[in-house]
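So the sequences go chain by chain: E and S. The letter at position 25 of the first sequence is residue 25 when you use full-length UniProt numbering, and the numbering goes up by one with no holes. The letter at position 257 of the second sequence is residue 257 when you use full-length UniProt numbering, and the numbering goes up by one with no holes. Using N, Cα and C, we set each Cβ at its ideal position, and we do this for glycine too. Note that this is a predicted model, so its numbers are computed, not measured.
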Amino acid sequence: MARKASPVEQVVAIGIGAALFVVLGRFGSIPSGIPDTNIETTYALLALFAVLYGPLAGLLIGLIGHTIKDAISFGPWFSWIIASAVVGLIIGLAARKIDVRDGEFGKKDLIRFNLYQIIANAAAWFVVAPVLDIVIYAEPVNKVFTQGLVAGLSNIVTVAVLGSLLLAAYAKTRTKKGSLTREL
Amino acid sequence: MKAKLIAYTGQDSPIHRLTGAAKLVVFAVWSVTAMITYDTRVLLVLLALGLIAFRVSRVRFRDFSFVLALILVFFLMNHVAIFLFSPLEGVRIYGTRHDLLHLVGRWWVTEEQLFYQLNVALKYLAVIPMALLFILTTDPGEFASSLNRVGVSYRIACSVSIAMRYIPDIQRDFQNIRFAAQARGLDISRKEKLVKRVRHMVGILLPLILTSVQRIETVSAAMELRGFGQGPKRTWYSARPLRAADIAAIAFVVLLAAASFWLTFEDGSRFYNPFA
């Protein structure tokens, strides 16, 4: 069982996670080589924080972070804000089963993390974002599903590569549970 | 990374003097109204009122001018994409077809499409002045208390306030770490191969995340020591009581929303159809 973050720690983690989401969302994209498709590092961060602090924190980091990011750049686009919250929520559900805080991130955890992140990104970008685009903004069906497909696939790849690397690197900085042995 | 972020300007105007809670309610009701309606008349009124409010607030052009380019790019890309993907979306929605011009293949310019894209544009533009105004005229410290006042749990309100408070700090951290990494030869621009670019990005993100996790532990320990989260409620230093102007603003926006729903759905559809 993973060490759980205290409620106060969660409050702070949501705040600072959202601030990181904003900063990386604005300045942390790397050009991927394909036009208009950037590697959004901010979703790797969201995935890491969701695994560290749980589904509620993931949901709120996505919601608050994306709202602030949009509000201080080109105005809120509500359907994608909600999609970001869904990503955080679903990846956060994996938190109970992955013990990165105790320095554990083996092959099993890697597979579990990626399974959750693929489901999360697929649900958010292939379903939630396009459907809300149609319901709220009445945008053309083929346009929003193509956009969702591109965003979803690029986020899945980004989180699979960057998110996994970050989690593995983070686990290494933690002290393993039971790493001390008693000298006889 | 010289890009600025728009922020509270701390001027004095009737809009700045409204309490944060009132502005939050106005912004939320405004956004929901613009999200639901597709009625051109309503959207035009919203846009006009938004611009008037902007005028009243006396915010300086240079405080927000740098986001206009971003807005324009997003706006143009979206409109080009809509037309490329679905040139006859307007025809489908309004049920008639008046051709103006044939480009190539299935790309016809129709009156219906132009009108539909005008509406998409208005729907986006109607929210922008209010969103900018909300950020420019609301003190972040007071914002948390306003969230709490409208019924959001004070723990989440505090999270939002922490987020606003730490954005500049984290931006500075990120910049420092990135410059340090670049000085050591970690390139994340187009000049480097993709695989290396990603590996270099990990080298920048990891220190940023580790310092942030440490900061979370420090801040939460400090808050815990001061007994944060013990009571079911808390009071706010920056909270202000609602005054007549606040109540008037809230009443106005509620009436406006009611009127726009009535006008929008009077004919049973969320679209205003001048072609029928």
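Return the first residue and the last residue of the alpha helix (DSSP H) that histidine 98 (chain S) is part of. Counting along the chain, histidine 98 (chain S) falls outside any alpha helix (DSSP H), and DSSP gives it neither H nor E.
Proximity to alanine 244 (chain S) [Cα-Cα], best of S:Thr19, S:Thr33, S:Ala48, S:Glu112: S:Thr19
Close beta carbons around glycine 15 (chain E), own chain, < 7 Å, minus the five adjacent residues each side: none
DSSP three-state assignment for tryptophan 125 (chain E), whether helix, strand or coil: helix
For isoleucine 177 (chain S), decide whether its Cβ has a neighbour in chain E, counting only Cβ atoms nearer than 8 Å. no
Tell whether a beta-carbon distance below 8 Å holds between serine 159 (chain S) and leucine 60 (chain E). yes
Do isoleucine 98 (chain E) and valine 51 (chain E) have their C-beta atoms closer together than 8 Å? yes
Please state if the CB of alanine 44 (chain E) and the CB of valine 87 (chain E) are separated by a distance shorter than 8 Å. no
Given that proline 76 (chain E) touches chain S, what residues does it touch there, using C-beta distances under 8 Å? Ser31, Val127, Ala131
Residues in its own chain within less than 7 Å of asparagine 148 (chain S) by CB, not counting five upstream and five downstream? Tyr154, Ala157, Trp236
The segment 159 to 176 of chain S contacting the segment 131 to 148 of chain S, beta-carbon criterion three pairs below 8 Å: yes
Threonine 146 (chain E) versus chain S: which residues are under 7 Å apart at the beta carbon? Phe85
Does the beta carbon of valine 150 (chain E) sit closer than 8 Å to a beta carbon anywhere in chain S? no
Does lysine 177 (chain E) come within less than 8 Å of chain S when only Cβ atoms are used? no
Uninterrupted alpha helix (DSSP H) stretches inside the segment 7 to 33 of chain S (no shorter than 4 residues): 14 to 17
Using only alpha-carbon positions, find the residue among S:Leu103, S:Val45, S:Lys23 that is nearest to alanine 259 (chain S). S:Val45
6 Å Cβ shell around methionine 1 (chain E) - same chain, five flanking residues per side excluded: The predicted position of methionine 1 (chain E) is uncertain, since its pLDDT is 39 and thus under 50; no value can be drawn from it.
For threonine 218 (chain S), count the other beta carbons within 10 Å of its own beta carbon; 16 or more makes it buried, fewer makes it exposed. Which is it? exposed
Could you tell me which whole beta strand (DSSP E) segments of length 3 or greater appear in the segment 216 to 261 of chain S? none
Give the DSSP-derived three-state secondary structure of valine 120 (chain S) in the structure shown. helix
Which residues, in order along the segment 227 to 248 of chain S, keep a beta-carbon less than 7 Å from a beta-carbon of chain E? Phe228, Gly229
Residues that isoleucine 15 (chain S) contacts on chain E, provided the C-beta gap is smaller than 9 Å: Ordered by position in chain E, no residue passes the 9 Å Cβ test against isoleucine 15 (chain S), which lies about 16 Å from the chain.
Can you check the segment 39 to 96 of chain E for any beta strand (DSSP E) of at least 3 residues that lies completely inside it and give the ranges in chain order? none
Tell me, please, which residues DSSP counts as bridged to threonine 110 (chain S). S:Asp99
Work out the CA separation of phenylalanine 27 (chain S) and leucine 100 (chain S) for me, nearest whole Å. 38 Å
Can you tell me whether DSSP reads tyrosine 272 (chain S) as helix, strand or coil? coil
In chain order, which continuous runs of the alpha helix (DSSP H) of length 4 or greater are located wholly inside the segment 41 to 90 of chain S? 65 to 85
Using DSSP's beta-bridge definition, name the partner residues of tyrosine 137 (chain E). Tyrosine 137 (chain E) is not bridged to any residue.
DSSP state of isoleucine 30 (chain E) mapped onto helix, strand, coil: strand
For tyrosine 38 (chain S), which residues does DSSP report across the bridge? S:Phe271
Could you tell me the distance, in whole angstroms, from the CA atom of alanine 222 (chain S) to the CA atom of glycine 231 (chain S)? 17 Å
Burial state of phenylalanine 265 (chain S), where buried means 16 or more other Cβ atoms lie within 10 Å: exposed
For chain E, find out if any of its Cβ atoms is closer than 8 Å to the Cβ of tyrosine 124 (chain S); answer yes or no. yes
Valine 12 (chain E) CB to nearest chain S CB: under 8 Å? yes
Thinking C-alpha only, which one of E:Asn121, E:Val161, E:Val100, E:Gly17 is nearest lysine 176 (chain E)? E:Val100
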